[in-house]
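J.: Dumping the structure here so I can ask a few things about it.
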Amino acid sequence: MLSNEEKEFIAYWEQNRLKEKKTFRQLLIGLPLGLVFTLPILVNFMSGWYKRADMVGRTQFNPVVLICAAIIIVVFFAIFSKRHKWEMNEQRYQELKARLKNEEKEAQ
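In structure tokens form, the structure reads like this:
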């Protein structure tokens, strides 16, 4: 027998599963998490706390590369984390639907 929470999840997921699968929506919702993940890297680089590495970095390193890498990390992390969450919800939905189908089959 499914609990009320499981029934509510099935109803919610049937309405929202296609909307939450869209890549652009995953990017927009996951963007803050990606920024939280990448911001310390940028702050660490910009702070210049390690003077020798800062001197070498300023002479041999193009800051545009760091900015491009940070953007790529943010986008990847945002999409990957939300896609993973979607997959977990989809798996839970499929398991609950299968359990509901088995219960209906046994009741007959």
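So my numbering is basically just the index in the sequence shown, starting at one, shifted up by 1154. C-beta atoms are modelled at their ideal positions from N, C-alpha and C, and glycine is treated no differently.
For Val1218, does the count of other Cβ atoms within 10 angstroms reach 16, so buried, or fall short, so exposed?
T.: Exposed.
J.: Let me confirm a value: Val1228 is counted as buried when at least 16 other C-beta atoms fall within 10 Å, else exposed. Which label applies?
T.: It is buried - the Cβ of Val1228 has at least 16 other Cβ atoms within 10 Å.
J.: Here's the rule: buried if 16 or more other CB atoms are within 10 angstroms of the residue's CB, otherwise exposed. What is Thr1192?
T.: The residue is buried, with at least 16 neighbouring Cβ atoms inside 10 Å.
J.: Taking Gln1248 as part of the alpha helix (DSSP H), name the residues at either end of that continuous run.
T.: Note, Gln1248: alpha helix (DSSP H), Pro1217 to Ala1261.
J.: CB-CB under 8 Å to Met1155, same chain, minus the five flanking residues each way: which ones, in chain order?
T.: Within the same chain, Met1155 has close Cβ partners Glu1257.
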